[in-house]
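**Student:** As you go down the protein sequences, you meet chains X and B in turn. In terms of this note's numbering, the first sequence has 37 at position 37, counting the first letter as 1, and numbering is strictly consecutive. Position in the second sequence (from 1) plus 1000 gives the number in this note's numbering. The beta carbon of each residue, even a glycine, is placed where N, CA and C say it ideally should be. Note that this is a predicted model, so its numbers are computed, not measured.
2 protein chains.
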Amino acid sequence: MKPEQLRLYLVTDRPLSLGRDLDWIVAEAVRGGTTMVQLREKEADTRDFVALGLKLKELLTPLGIPLLINDRIDVALAVDADGVHIGQSDMPYAIARRLLGPDRIIGLSVETMDEVAEANALDVDYVAVSPVYGTPTKTDTAEPFGLEGLRKAAALSRHPVVAIGGMNERTAADVFAAGADGIAVVSAICSAPDPCAAARRLLEIASAIDC
Amino acid sequence: MKPEQLRLYLVTDRPLSLGRDLDWIVAEAVRGGTTMVQLREKEADTRDFVALGLKLKELLTPLGIPLLINDRIDVALAVDADGVHIGQSDMPYAIARRLLGPDRIIGLSVETMDEVAEANALDVDYVAVSPVYGTPTKTDTAEPFGLEGLRKAAALSRHPVVAIGGMNERTAADVFAAGADGIAVVSAICSAPDPCAAARRLLEIASAIDC
């Protein structure tokens, strides 16, 4: 995985998608420049989860856009996804790596500075600093890092860093300036009236930072 | 898997366990003669699910009692379980078999006579005829087979048959007489004041059928 693939990282959320098909949202987001996709399904049956994963895989692979599966390593293996994203209460990292092999992407959520340091001892492919801002998307999250915390986390981490929690057009520039390699976006794309346009605007902000 | 290992098959259920530790319930049920155990967790974090699976594996393997995991093939692989039990909305059978390899046990729930016939085309290790009776344990189940339906299903199936749904001391004898190789028991053990004694009484009923 190249760190620049984290730049505009879409994390799906069915309840926040306003009844629209997730594969449509992903397709639109990708048209707008999304660089990586995480399929996150907390309520779906395994069969539906796999079916949607296969559909997204078919969409994303020809475009060279990695598809990651949230938590469910069985689903990731079933659909031959590019990797998984795991949290601190998901599969322990060592087991996840054993089941997925050395080549698949594994991203890990870190919710404290201690967890950033611990992740440095693992060969994860990236860490997701979570959350940077408080957010209505997830109600069970840890204390927000804030911009200053993100800056410290990015400096401490030996892995690429993606920021999650409150990522949108107002916050993105500051987050990149603080050292994030990417933003993991949920509602700012999933709930946008036009997910393609929303992704495009976020990508412009992300790309401006480079110049 | 030997068909007689299905004889007294415990399926765990946390809400029905009355706040008692699942590993205690399993240990007691096994003392009472339980022949197979399925760990079913619908709400647990993956990390907790794996931790409990590892604990049960350590308990059951020395006793030669198979441990199956409900639905979650990743958890089954993580704890090196003996197999999985899948339903019609879980991982499609062909993918499950590919991920688990030829040697692990895969049991499949069948909810209609058509599904019994379809399972005959698969190399599943057993089918669970579900439900035989209506039951408060699961509220999303199909139309009950009833004893006569179970008898037809057992005659039709080329696989060993375990009966689930309403299995207890009052129903077990009829169910075995109808041709089931085993009973899959939830509340009659998980909610019993003495799970060991409950298992023992069920096993006596199951064993009397042989004589």
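(1) Rounded to whole angstroms, what's the CA-CA distance from SER191 of chain X to LEU16 of chain X? Just pull it up for me.
(2) Return yes when the Cβ of LEU1063 of chain B is within less than 9 Å of the Cβ of ALA1076 of chain B, no when it is not.
(3) Relative to chain B, which residues along the stretch 72 to 96 of chain X have a C-beta separation below 7 Å, given in chain order?
(4) Nearest-angstrom Cα distance between CYS211 of chain X and ALA180 of chain X?
(5) Three Cβ pairs or more, each shorter than 8 Å: is that satisfied between the stretch 34 to 52 of chain X and the stretch 1004 to 1018 of chain B?
(6) Give a yes or no on whether 9 Å exceeds the smallest Cβ distance from VAL1011 of chain B to chain X.
(7) Is the stretch 85 to 101 of chain X in contact with the stretch 19 to 31 of chain X, if contact means three or more CB pairs nearer than 8 Å?
(8) Which residues, taken in chain order from the stretch 108 to 127 of chain X, show a beta carbon closer than 8 Å to some beta carbon of chain B?
(9) Are the CB atoms of VAL1132 of chain B and GLY1149 of chain B nearer to each other than 9 Å?
(10) Go ahead and pull the three-state DSSP assignment for GLN38 of chain X.
(11) Going by Cα to Cα distance, which pick from B:LYS1055, B:TYR1093, B:VAL1129, B:PRO1102 is closest to LEU1006 of chain B?
(12) Out of X:ILE189, X:ALA177, X:ARG170, which one is the CA nearest neighbour of LEU22 of chain X?
(13) Can you find a C-beta in chain B that's less than 9 Å from the C-beta of THR61 of chain X?
(14) Which residues of chain B have a Cβ atom closer than 7 Å to the Cβ of LEU99 of chain X, listed in chain order?
(15) With a floor of 3 residues, list each beta strand (DSSP E) that falls wholly inside the stretch 25 to 105 of chain X, ordered by position along the chain.
(16) Name, please, each residue of chain B whose Cβ falls closer than 7 Å to the Cβ of THR34 of chain X.
(17) Assuming contact is defined by CB atoms lying nearer than 9 Å, are ALA1199 of chain B and VAL1185 of chain B in contact in what I supplied?
(18) GLY166 of chain X: which of X:LEU203, X:SER187, X:HIS159 sits nearest, CA to CA?
**Tutor:** On the basis of the data shown:
(1) 6 Å
(2) no
(3) ARG72, ILE73, ASP74, LEU77, ALA78, SER89, ASP90, MET91, PRO92, ILE95
(4) Because the pLDDT of CYS211 of chain X is 40, which lies under 50, any placement of that residue in the model is unreliable, and the number read from its coordinates should be weighed accordingly. If you take the alpha carbons of CYS211 of chain X and ALA180 of chain X, they lie about 15 Å apart.
(5) no
(6) no
(7) no
(8) none
(9) yes
(10) strand
(11) B:VAL1129
(12) X:ILE189
(13) no
(14) ASP1074, LEU1077, ALA1078
(15) 36 to 39, 67 to 70, 83 to 86
(16) Chain B residues near THR34 of chain X: none, gap ~26 Å exceeds 7 Å.
(17) yes
(18) X:SER187
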